[in-house]
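These notes are about the structure you will find just below.
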Amino acid sequence: MFLAIRELLFAKTRYILIGLIMVLTASLIFIISGLAQGLSADNASSIQELQADLLILTKDAEGELTKSFIPMGEAQEIVDNQGDEHASTLAIRMMNATRNNSQQQLDIAMFATEPDSMLMPKITEGVSPTNQKQVVADTTLKQEGVKLGDKLTIGEASYTVSAFTSGQRYSHTPVVFIHNQGLDQVNAIAVQGDAHVEGSFDVMTKEDALQGIPSYSQEQASLNMMIIFLYVIAAFVLAVFFYVITLQKREQFGVLKALGANNSYLIQGLMGQVVLLAVVCIALGAAITVGIGALFPSDMPFHLELVTMLKPAIIMMIVSFIGALLSLYQVTRIDPIEAIEGAAA
Amino acid sequence: MTLILDHVTKTYTDGPNRFNALDEVSLEVKSGEFIAIVGPSGSGKSTMLSIAGALLSPTSGNVLLAGENITGLSSKEITKRRLEKIGFVFQAAHLVPYLKVKDQLNIIQVLAKKRVKHGSDLLTHFGLQHRLNNYPNELSGGQRQRVAIARALMNDPQIILADEPTASLDSKRGQDVVKLLAGEIKDRNKAGIMVTHDERVLSYADRIVTIRDGKIVKD
Ligand SMILES: Nc1ncnc2c1ncn2[C@@H]1O[C@H](COP(=O)(O)OP(=O)(O)OP(=O)(O)O)[C@@H](O)[C@H]1O
Ligand SMILES: [Mg+2]
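This is the structure:
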């Protein structure tokens, strides 16, 4: 590192410039990761957080929750078979609601289940429903002006909001948990532990069910595509940068080798520079992203936690190493004879 | 004998043509002896110096450095020999552009995994004590070549090899540099080989070896 550090300091400008590109790329990767995470939660947190391991759908629904229709009687039978401690019916309907007889239409996702179901979410405010006319709403409905005790008219029926819960969104709309009384069909049976069904039913994990949410996989795929491209760009930018720098330093490397520097010393120096550059740039990118994230409006679907930042950070480190490989190879190929004028091949 | 070239041949093949850049060259250099190698362009001077300096391996023949035959060693071992036993002074000084003068010497210690003990004595000896914290581009050509000579001495080598050390200097500075080099080789009892085109510096050498078409024609 004796050489590597001194070179970084001597050629500050060029390393600062490449660092800037790396910082911007890292920030972009973090921001898009945050958006992907945020949109994923906005689209499916209610399924991700569902207190169940597996979902039973009809076979012909082909994994799409909203295309699976199970008559209530049949669903009840399955629940009984599974043991109603560990199974609940789940009906999902995209609905319009109005608040306190106002004209304003609110988009909601109605999740109907048994009142004592394991699927009922944790309440963050208010009290659990005590009758069929009381519902639990996701806290994001507050942004539409809904308060505890408000009357919500959903379809023909009227309900009272008795409690709020958080982190329950489905298809970019807030979820309202409702009693399943009177429904004649449901979409799925949620099961904790093992599920055993046969015939016209399929068992799938929650993760598989996510893919069946309209637009979920398309959204995630396009964002992930961007992230992958950014990784590739980062790798290429670093590869080209270090390739050109190494070309420029060819003579120096030749001289150093003639003086007795072995490959492993020179490679350590180069890798040291790459690691230093990558760590500093990724850290700066992360800091910038956290700063920008704080400026986003609160209803923007943007989720970023330290844990979710770790994965892209590690991938960027790996990608940086890959970018440096070409230069490593170059360095090992330089012949010390190049230090002697006229004798080089 | 510090350095022995024993029937050294270097053959380059260019398609069907084979061509001896060095042809059965034998040479012995003692400690304290300073040899100048002269000859027309393309005669094989640099090739011979490169083989003596373990930068190039001969096609046939042996190279003995301080009694050890280095011809068959692995490239890792050969790099180590260069680090420990050989000092180079290159044509264009070839200092590392991003190292201050003192670090040009310290890097040798770092490579040898020795404690950095600051080559400042050596640099003072060469009249460079006021330039320790300058970069090579802030030095004159003569100063640069003096740093290069100090660097070549830093590892306390058995032999010092110089390929046209005066090529980038005017005649007065060139003579000063060769005088300095010859003096150090005498004082420190090293063996020295210098390739040169410059007739005026030959007087500092103990022996003058003339090479033509890869063969030693006059010693
Ligand atoms: N890698 C190589 N491949 C083929 N031929 C080479 C190679 N290196 C050197 N030669 C040839 O070997 C011969 C000797 O080259 P060398 O560099 O030793 O000459 P020199 O005496 O140092 O010349 P100059 O005074 O011009 O530096 C030349 O004819 C040169 O073309
Ligand atoms: Mg030459």
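Order-wise, the sequence lines are chains B and U. The first sequence finishes on residue 345 if you use our numbering, and the numbering steps up by one all the way, no holes. The second sequence finishes on residue 1219 if you use our numbering, and the numbering steps up by one all the way, no holes. C-beta atoms are modelled at their ideal positions from N, C-alpha and C, and glycine is treated no differently.
Please check if any C-beta of chain B sits within less than 8 Å of the C-beta of residue i.
i	result
U/Thr1124	no
U/Leu1153	no
U/His1094	yes
U/Thr1079	yes
U/Leu1005	no
U/Arg1146	no
U/Ile1108	yes
U/Asp1103	yes
U/Lys947	Lying before the first or after the last residue shown, residue 947 of chain U is absent from chain U, which here runs from 1001 to 1219.
U/Asp1014	no
U/Pro1019	Per the sequence shown, the amino acid found at residue 1019 of chain U is Phe instead of Pro. So no, U/Phe1019 is outside the interface.
U/Tyr1204	no
U/Arg1212	no
If we count the other Cβ atoms within 10 Å of its Cβ and call it buried at 16 or more, is residue i buried or exposed?
i	result
B/Asn81	exposed
U/Asp1187	exposed
B/Ile157	It should be noted that the sequence gives Ala, not Ile, for residue 157 of chain B. With fewer than 16 other Cβ atoms within 10 Å, it is exposed.
U/Lys1076	exposed
B/Val244	exposed
B/Ala314	The sequence shown places Ile at residue 314 of chain B, rather than the Ala named in the question. Classification of B/Ile314: exposed, given that the 10 Å Cβ count is below 16.
B/Asn180	buried
U/Asp1170	exposed
U/Arg1200	exposed
B/Ala36	buried
B/Ala112	buried
B/Pro297	exposed
U/Val1096	buried
Quick one: what's residue i bridged to in DSSP?
i	result
B/Gly269	Answer is none; B/Gly269 lacks a bridge partner.
U/Val1029	U/Leu1003
U/Ile1216	U/Ile1211
U/Thr1013	U/Arg1018
B/Phe111	B/Ile92, B/Phe177
U/Asp1163	U/Val1195
B/Ile154	B/Ala97, B/Ala157
B/Glu125	B/Phe164
B/Val135	B/Val161
U/Gln1143	Answer by DSSP bridge pairing: none, since U/Gln1143 is not bridged.
U/Val1008	U/Val1025
B/Gln105	B/Thr98
Spatial neighbours of residue i within its chain, please: C-beta separation below 7 Å, excluding the five flanking residues on both sides.
i	result
B/Ile21	Val237
U/Glu1164	Gln1091, Val1195, Thr1196, His1197
B/Val197	Ile56, Ile78, Val203
B/Tyr15	Leu8, Leu277
U/Thr1009	Asn1020, Leu1022, Asp1023, Glu1024, Pro1058, Thr1059, Ser1060, Gly1061
U/Asn1155	Leu1083, Glu1084, Gly1087, Ile1108, Ala1112
U/Arg1151	Gln1104, Leu1105, Ile1108
B/Leu183	Met72, Ala91, Ala112
Once you ignore the five residues that flank residue i on each side, which residues in its own chain have a CB closer than 8 Å to its CB?
i	result
B/Ala345	Residue placement at B/Ala345 cannot be trusted, given a pLDDT of 44 that sits under 50; the coordinates are not used to answer.
U/Ile1211	Val1025, Ile1037, Val1038, Gly1039, Ser1043, Gly1044, Lys1045, Met1048, Val1217
U/Met1001	Glu1028, Val1029, Lys1030, Leu1064, Gly1067
U/Gln1129	Ser1120, Leu1123
B/Thr160	Lys133, Gln134, Val135, Gly149, Asp150, Lys151, Leu152
B/Gly34	Thr289, Gly293, Phe302, His303, Leu304, Thr308
Skipping 5 residues on each side, what residues in its chain have a beta carbon closer than 6 Å to that of residue i?
i	result
B/Asn96	Gln105
B/Ala278	Met317, Ser320
B/Leu339	It is worth fixing the name first, because residue 339 of chain B is Ala in this sequence and not Leu. Once the five neighbours on either side are set aside, the close Cβ partners of B/Ala339 are Gly254, Val255, Ala258.
B/Phe69	Gln185
B/Ala343	Model confidence at B/Ala343 stands at a pLDDT of 49, short of 50, so the residue's coordinates are unreliable and nothing is read from them.
B/Leu141	Pro174
Do we get a CB-CB distance below 8 Å when we pair residue i with the residues of chain U?
i	result
B/Tyr265	yes
B/Gly260	yes
B/Ala343	Here the model assigns B/Ala343 a pLDDT of 49, short of 50, so the residue's position is not dependable and the matter cannot be decided.
B/Gln252	yes
B/Ala283	no
B/Val255	yes
B/Glu207	no
B/Phe2	yes
B/Pro336	yes
B/Glu7	yes
B/Ile245	no
B/Ala339	yes
Completely contained beta strand (DSSP E) runs for the region 159-240 of chain B, where each covers 3 or more residues
Here the runs fully enclosed are 173-179, 188-191, 201-205.
Only counting runs of 4 or more residues, tell me where the alpha helix (DSSP H) segments fall wholly within the region 1034-1108 of chain U, in order along the chain.
1045-1052, 1075-1085
Uninterrupted beta strand (DSSP E) stretches inside the region 48-102 of chain B (no shorter than 3 residues):
54-58, 87-99
What are the start and end residues of each continuous beta strand (DSSP E) run of 3 or more residues lying completely inside the region 1165-1204 of chain U, in chain order?
1191-1195
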